[in-house]
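Trainee: Structure provided below as structure tokens; questions to follow.
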Amino acid sequence: MLNFDVLVIGSGGAGMRAALEAVRQEGLSVGLMTKMFPTRSATGCAQGGINGALQNADPADSIEKHFFDTVKGSDYLGDQDAIEHFVSQMPDAIRELDYFGVPFSRDGEGRIAQRNFGGASSPRTCFSADVTGHVILHTLYEQCLKHGVKVLAEWYLLQVVADQGKLCGIVAYDLKGGRIVPIATKAIVIATGGAGRIYWLRTTNPFTSTGDGIAACFDAGIPLKDPEFVQFHPTGLAGTGILMSEASRGEGGYLLNNKGERFMARYAPEKMELATRDLVSQAIETEIKEGRGFGEGLSAYVQLDLRHLGREKILERLPQIRDLAITFEQVDPINEPIPIRPSCHYVMGGIDIIDYRTCATAVEGVFAAGEACCVSIHGANRLGGNSLADIVAFGKFAGKGAADCAKQRHGFSEGLVGQAARAWEEKFQAVTTRKTGASVVSIRDRLAEIMWNNVGVFRTGADMEEALKVVDGLIKEYQTVMVPDQNKIYNTLFVNYIELGSMLTVAKAVVLGALNRKESRGSHCRADFPNRDDAQFLKHTIVSKQGSTYNISYRPVVITKYQPAERKY
Amino acid sequence: MRKITYKIERFDGVNNFVQEYSFPYQPGKTILWGLITIKDSLDPTLAFTAACRSAVCGACAVRVNGQAVLACETPLDAILERFGDTLTIAPIQNFKVIRDLVVDWEPQAARLAEAKTWLQPRDEFDARKGCRQTAADFKKINTQAACILCGSCASECSKLSANDQDFLEPFTYSKVWKFVADTRDKSAAERIQAIQDKGLWKCMHCAECITKCPKGLAPGEDIARLRQLSIKMGYTGNPGARHALSFVKDIEDTGRLNEAKLQVRTIGLISSIAKFPMALRLLRRGKLNPFHFPGKVKGHEQIQAILKAVRESEK
Chain W
304 MLNFDVLVIG SGGAGMRAAL EAVRQEGLSV GLMTKMFPTR SATGCAQGGI NGALQNADPA
364 DSIEKHFFDT VKGSDYLGDQ DAIEHFVSQM PDAIRELDYF GVPFSRDGEG RIAQRNFGGA
424 SSPRTCFSAD VTGHVILHTL YEQCLKHGVK VLAEWYLLQV VADQGKLCGI VAYDLKGGRI
484 VPIATKAIVI ATGGAGRIYW LRTTNPFTST GDGIAACFDA GIPLKDPEFV QFHPTGLAGT
544 GILMSEASRG EGGYLLNNKG ERFMARYAPE KMELATRDLV SQAIETEIKE GRGFGEGLSA
604 YVQLDLRHLG REKILERLPQ IRDLAITFEQ VDPINEPIPI RPSCHYVMGG IDIIDYRTCA
664 TAVEGVFAAG EACCVSIHGA NRLGGNSLAD IVAFGKFAGK GAADCAKQRH GFSEGLVGQA
724 ARAWEEKFQA VTTRKTGASV VSIRDRLAEI MWNNVGVFRT GADMEEALKV VDGLIKEYQT
784 VMVPDQNKIY NTLFVNYIEL GSMLTVAKAV VLGALNRKES RGSHCRADFP NRDDAQFLKH
844 TIVSKQGSTY NISYRPVVIT KYQPAERKY
Chain G
539 MRKITYKIER FDGVNNFVQE YSFPYQPGKT ILWGLITIKD SLDPTLAFTA ACRSAVCGAC
599 AVRVNGQAVL ACETPLDAIL ERFGDTLTIA PIQNFKVIRD LVVDWEPQAA RLAEAKTWLQ
659 PRDEFDARKG CRQTAADFKK INTQAACILC GSCASECSKL SANDQDFLEP FTYSKVWKFV
719 ADTRDKSAAE RIQAIQDKGL WKCMHCAECI TKCPKGLAPG EDIARLRQLS IKMGYTGNPG
779 ARHALSFVKD IEDTGRLNEA KLQVRTIGLI SSIAKFPMAL RLLRRGKLNP FHFPGKVKGH
839 EQIQAILKAV RESEK
């Protein structure tokens, strides 16, 4: 049986940073598994930047200010011990990226340049033009090549196999080899990214952000934390949802309604367009709902105006924004405003991390990092520039945590892993020879529709009751779905089928978490409970699964220094 | 109703075949939209890869009517206008095909590693303090840093198609140049030395890598930059460098190439004699005139002046 001491699953920033850390621990066999080729990961889509109080752009910035901005941004739902640990690591983590070879944009003194970002009290976001995630992803890949990390490219995670709270291994589908493979491993790091595709086309995420690792852990008995908090990025392209980086507002872009007003003056008079993503998204949806948008229904939009920045600044600082606007909306931002609308961008919730220092989960041997997990540092709303920061900081902790764990572990059942793989063989056979049933696409599209309409930017109890019914119905229908492709070589339909199962699993947790949180906080905005309710809900939602039953419990938020206060921008 | 037809070159792991799919035209769509339409509503067994659908991940590179493009950002209307409503879609070339439009990147990844494409930071920098670099020096590597490893350049590379055993993918040379040009890196000399026998002089100048790059890189130009630096560093003893230097000398001497001398200067007298049978064949077909001794071209002084100016500007 194939085996590793540490197997990292997912090859975005968090996964590759974890693999690098684990491979530095002498004498361990380390693998990096990804369902694509490593540089296709969602990290590459991150445009704007990475936060760290380097004090290059503003000597008055500090780790303390980054700490407070993140706590406030989280709408006081982030755990303050974890956030403090995180922000204190960031300056070093960014300088280390520089040393790895990330080509950062520079200031006049040759230091890493920093720009303004939403929710930040100082210009703290380090960047490389507007392709920051792309260059970090590729640089980390270069480092993995350098350190000889064993890459299993185009291997797809089917199952995390655990027994009595302890990891045994995983089952994977080797797409190119056309085999289902059991892998015994002492420790794994799940770094498979988010699940924005539960909203299918109304997301900034790649097709592959389907919550595979989140669902696999959930099915293996690891709870999910705060799944109801789904971030909608205010500026997705109207037609496709493709991301127009927050850098566009950081550099001074305006948001305009159909009357030509900078409507953010009504919602966040001080920060204007640089208020947090949740507030700006809600403002845009309100403008559209009250008839001050362009167009109607799902295709309605407002405008992002960059023209006043001038040609030179757009070309230098926002070249990709311009290319994307031209390609996908046929609009050149040098001459015309860009049609935009909120689009699902990030899931703050995810696999429940119980120790932020090691990124351990409740199952021995299973660690997680990045968007797949919830530490929680982002709480109810993540600040722009904090996700690239999250993946490099916690990727490193998880890699170290998993390596230390692997060194201490011995004696676990490999037999169970083999059994699980054989069950998958049978499942492959059964679903690919089935002659009736709904298609993967039909279930996928109905899921996205109900999620966007009923569990989107604005939510109500009645809408979500309806969504829960629909999602439950789709889960039932999924049991008999048809996967008409029996070829085992690179069977993308089979992958899409498992991905759909993951999306349904995660979506149900999102709906349940949201239905039971009867307040509005951060990205979770309920029309029927418009206020934050600290007395009832200053706590993390914990969803766990027994058989097919979802159970909900709560856990207190860790508050160390900053008492909850009203969040104003 | 207007229909679009994709003729897709497919491979199921054993057999190659071409399959045609027709679907209704819609304005303002992309090549990728067509592939997704086929997979979602006509044939779920079609295999291709796509992820970001915004031209940053490189997963969806395919050949459309023989040209490598990113399916996600290529507007269908422009392509249809040029080629009509039937298009041939094939996997990118010079890669091993796994299934349908999916190709294997593993060998290419191994070759990237062979070329040591990672930063070797200078000794004055350390992991805790990071590095320093001027904004102008950042700009020198910014273009190459935009490479998304989509493989379009490699797909259309004439040299790789002819023989991929003694040449690397164009994107690899761009990566090598990126690190050579990076002021944070200390190993420019080592890198130049390392690629001497990795095809540096084998590029055929077809410039397909430059025209096909969706991110505006110019791997062919980066190869030229690597060659220039290589000569400057004194690597003049190889056929490629001798060939280039001979070119310049001919132009300086007479304003035109002397093919006969070029051969001797490039590969030496002994090797040239070994090529005598080819010379005979050329003679027989009238491609070589042994009695033709070209003199200086008209305006030769001006050519010399231009060369002088170029050399001055490079100092």
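Protein sequence lines, in the order shown, are assigned to chains W and G.
Read left to right, the first sequence gives residues 304 to 872 (our numbering).
Read left to right, the second sequence gives residues 539 to 853 (our numbering).
Cβ coordinates follow ideal geometry from the N, Cα and C atoms, glycine included.
Everything numeric in this text was worked out from a predicted model, so none of it was measured.
1) Exposed or buried, which one is Thr511 (chain W) when buried takes at least 16 other CB atoms within 10 Å?
2) Any beta-carbon of chain G closer than 7 Å to the one on Lys375 (chain W)?
3) When we look at the beta-carbon of Thr681 (chain G) and count the other beta-carbons within 10 Å, is it buried (16 or more) or exposed?
4) Report yes if the CB atom of Ala683 (chain G) is closer than 7 Å to the CB atom of Pro406 (chain W), and no otherwise.
5) What would DSSP say about Thr855 (chain G), mapped onto helix, strand or coil?
6) Below 9 Å between beta carbons is the criterion; list the residues of the segment 460 to 480 of chain W that meet it against any residue of chain G, in chain order.
7) Let me know the alpha helix (DSSP H) ranges lying completely inside the segment 827 to 852 of chain W, each 4 residues or longer, listed in chain order.
8) Which of the three DSSP states, helix, strand or coil, is assigned to Gly668 (chain G)?
9) Quick one: residues in its chain with C-beta nearer than 6 Å to the C-beta of Tyr502 (chain W), no 5 flanking neighbours on either side, listed in chain order?
10) Measure the C-alpha to C-alpha separation of Met486 (chain W) and Gly653 (chain W) and round it to an integer number of angstroms.
11) In angstroms with no decimal places, state the Cα-to-Cα distance between Asp702 (chain G) and Gly381 (chain W).
12) Determine, using beta carbons only, whether Phe676 (chain G) comes closer than 7 Å to chain W.
13) Taking the alpha carbon of Lys654 (chain G) as the point to measure from, which residue in G:Tyr711, G:Ile542 and G:Lys834 has its own alpha carbon closest?
14) Leaving aside the five residues before and after Gln766 (chain G) along the sequence, list all residues of the same chain whose C-beta is less than 8 Å from its C-beta, in chain order.
15) With Met651 (chain W) and His611 (chain W) assumed to form a contact (beta carbons below 8 Å), what rounded beta-carbon distance in angstroms separates them?
16) Report the residue ranges of all alpha helix (DSSP H) runs contained in full by the segment 741 to 789 of chain W; include only those spanning at least 4 residues, in chain order.
17) Between which two residues does the beta strand (DSSP E) holding Phe561 (chain G) run?
18) Look at the alpha carbon of Thr589 (chain W) and the alpha carbon of Cys828 (chain W), and state the distance between them as a whole number of angstroms.
19) According to DSSP, is Pro362 (chain W) helix, strand or coil?
20) From this set, W:Gln462, W:Gly496 and W:Val492, which residue's C-alpha is nearest Val484 (chain W)'s C-alpha?
21) For Met575 (chain W), does the three-state DSSP call read helix, strand or coil?
22) For a contact meaning CB atoms closer than 8 Å, what does Asn790 (chain W) contact in chain A?
23) Would a C-beta distance cut-off of 7 Å place Val813 (chain W) and Leu527 (chain W) closer than the cut-off?
24) Going along chain G in order, which residues have a C-beta closer than 7 Å to the C-beta of Pro530 (chain W)?
25) For a contact defined as C-beta to C-beta under 8 Å, what are the partners of Ala456 (chain W) on chain G?
26) Have a look at W:Gly347, W:Gln534, W:Val390 and W:Leu357 and flag the residue whose alpha-carbon is nearest the alpha-carbon of Ser826 (chain W).
27) Thinking just about the alpha-carbon of each residue, which of G:Arg666, G:Trp643 and G:Gly737 is nearest to the one in Lys479 (chain W)?
28) Starting from His441 (chain W), follow the alpha helix (DSSP H) in both directions and report where the run begins and ends.
29) Spatial neighbours of Ile587 (chain W) within its chain, please: CB distance less than 6 Å, with the 5 preceding and 5 following residues excluded, ordered by chain position.
30) In the structure shown, what three-state DSSP assignment does Lys528 (chain W) receive?
31) Compute the beta-carbon to beta-carbon distance between Arg427 (chain W) and Gly355 (chain W), rounded to the nearest angstrom, for a pair I have assumed lies under 8 Å.
32) Check the Cβ of Met336 (chain W) against every Cβ in chain G and list those closer than 9 Å, keeping chain order.
33) For Ala465 (chain W) versus Val666 (chain W), is the C-beta distance shorter than 7 Å?
34) Give me whichever residues DSSP pairs with Cys429 (chain W) in a beta bridge.
35) So does the segment 773 to 788 of chain W actually touch the segment 700 to 714 of chain W, counting three or more Cβ pairs closer than 8 Å?
36) Output needed for Ser725 (chain G): all residues of its chain with C-beta closer than 7 Å, excluding positions within five of it in sequence on either side, in chain order.
Mentor: So, from the listed chains and residues:
1) Counting from one through the first sequence, the residue named residue 511 (chain W) turns up at place 208. So Thr511 (chain W) counts as buried.
2) As a first step, residue 375 (chain W) is located in the first sequence; it is residue number 72 there, counting from the start. Output row for Lys375 (chain W): interface = no.
3) Counting from one through the second sequence, the residue named residue 681 (chain G) turns up at place 143. Classification of Thr681 (chain G): buried, given that the 10 Å Cβ count is 16 or more.
4) One-based indexing of the second sequence puts residue 683 (chain G) at position 145. One-based indexing of the first sequence puts residue 406 (chain W) at position 103. The answer is yes: Cβ separation under 7 Å.
5) Chain G is shown only over 539 to 853; residue 855 (chain G) falls outside these bounds and no answer can be derived.
6) So the list reads Leu478 and Lys479, given in the order they occur along the chain.
7) Those alpha helix (DSSP H) runs which fall completely within the segment 827 to 852 of chain W and span 4+ residues are 837 to 840.
8) Counting from one through the second sequence, the residue named residue 668 (chain G) turns up at place 130. Here Gly668 (chain G) sits in strand by DSSP.
9) What you label residue 502 (chain W) is simply residue 199 of the first sequence in a count that begins at 1. Once the five neighbours on either side are set aside, the close Cβ partners of Tyr502 (chain W) are Cys647, Ala751, Met754 and Trp755.
10) Counting from 1 along the first sequence, the entry for residue 486 (chain W) is found at position 183. Counting from 1 along the first sequence, the entry for residue 653 (chain W) is found at position 350. Met is not the amino acid found at residue 486 (chain W); the sequence shown has Ile there. Rounded to the nearest whole angstrom, the CA to CA distance from Ile486 (chain W) to Gly653 (chain W) is 24 Å.
11) Taking the second sequence and counting its residues from 1, one reaches residue 702 (chain G) at position 164. Taking the first sequence and counting its residues from 1, one reaches residue 381 (chain W) at position 78. Roughly 53 Å separates the two Cα atoms.
12) What you label residue 676 (chain G) is simply residue 138 of the second sequence in a count that begins at 1. Yes - at least one Cβ of chain W is within 7 Å of the one on Phe676 (chain G).
13) On the second sequence, residue 654 (chain G) is found 116 positions in, with the first residue counted as 1. Out of G:Tyr711, G:Ile542 and G:Lys834, G:Tyr711 has the C-alpha closest to the C-alpha of Lys654 (chain G).
14) Residue 766 (chain G) sits at position 228 when you count from the first residue of the second sequence. So the list is empty, once near-sequence residues are dropped.
15) Locating residue 651 (chain W) in the first sequence gives position 348, counting from the first residue. Locating residue 611 (chain W) in the first sequence gives position 308, counting from the first residue. His611 (chain W) and Met651 (chain W) do not touch by the CB rule: their CB atoms are close to 33 Å apart, not below 8 Å.
16) Runs of the alpha helix (DSSP H) inside the segment 741 to 789 of chain W: 743 to 757 and 764 to 781.
17) By one-based count along the second sequence, residue 561 (chain G) stands at place 23. Start and end: Asn554 to Pro562.
18) What you label residue 589 (chain W) is simply residue 286 of the first sequence in a count that begins at 1. What you label residue 828 (chain W) is simply residue 525 of the first sequence in a count that begins at 1. If you take the alpha carbons of Thr589 (chain W) and Cys828 (chain W), they lie about 12 Å apart.
19) The sequence position of residue 362 (chain W) within the first sequence is 59, counting from 1. In the structure shown, Pro362 (chain W) sits in coil (DSSP, three-state: anything other than H, G, I, E or B).
20) Position 181 of the first sequence, counting from 1, holds the residue named residue 484 (chain W). Scanning W:Gln462, W:Gly496 and W:Val492 for the CA closest to the CA of Val484 (chain W) turns up W:Gln462.
21) Numbered from its first residue, the first sequence carries residue 575 (chain W) at position 272. In the structure shown, Met575 (chain W) sits in a helix (DSSP, three-state: H, G or I).
22) No chain A is part of this structure, whose protein chains are labelled W and G.
23) Taking the first sequence and counting its residues from 1, one reaches residue 813 (chain W) at position 510. Taking the first sequence and counting its residues from 1, one reaches residue 527 (chain W) at position 224. With respect to the 7 Å criterion, Val813 (chain W) and Leu527 (chain W) are not classified as neighbours on the basis of their beta carbons.
24) Locating residue 530 (chain W) in the first sequence gives position 227, counting from the first residue. Simply none; closest approach about 23 Å.
25) Mapped onto the first sequence, residue 456 (chain W) falls at position 153. Correct list: Trp643, Glu644 and Ala647.
26) By one-based count along the first sequence, residue 826 (chain W) stands at place 523. The shortest C-alpha separation from Ser826 (chain W) is found at W:Gln534.
27) By 1-based counting over the first sequence, the position of residue 479 (chain W) is 176. Check the Cα spacing between Lys479 (chain W) and each of G:Arg666, G:Trp643 and G:Gly737: the tightest is with G:Trp643.
28) Counting from 1 along the first sequence, the entry for residue 441 (chain W) is found at position 138. From DSSP, the alpha helix (DSSP H) with His441 (chain W) extends over Thr435 to Lys449.
29) If you number the first sequence from 1, residue 587 (chain W) lands on position 284. Cβ contact annotation for Ile587 (chain W) (same chain, cutoff 6 Å, sequence separation greater than five): Pro537, Val605 and Pro645, in chain order.
30) As a first step, residue 528 (chain W) must be located in the first sequence, where it is residue number 225. Strand.
31) Position 124 of the first sequence, counted from the start, is the residue given in the question as residue 427 (chain W). Position 52 of the first sequence, counted from the start, is the residue given in the question as residue 355 (chain W). The Cβ separation is near 7 Å, so the contact holds.
32) What you label residue 336 (chain W) is simply residue 33 of the first sequence in a count that begins at 1. The premise fails here: Met336 (chain W) is roughly 13 Å from chain G at the closest Cβ pair, so nothing lies under 9 Å.
33) The residue labelled residue 465 (chain W) in the question sits at position 162 within the first sequence. The residue labelled residue 666 (chain W) in the question sits at position 363 within the first sequence. In this structure, Ala465 (chain W) sits near Val666 (chain W), with a CB-CB distance shorter than 7 Å.
34) The residue labelled residue 429 (chain W) in the question sits at position 126 within the first sequence. Partner(s): W:Ile353 and W:Gln417.
35) The answer is no - the segment 700 to 714 of chain W does not touch the segment 773 to 788 of chain W, with fewer than three Cβ pairs under 8 Å.
36) Here residue 725 (chain G) refers to the residue found at position 187 of the second sequence. Exclusion of the five residues before and after Ser725 (chain G) leaves Gln658 as the residues of its chain whose Cβ lies within less than 7 Å of its Cβ.
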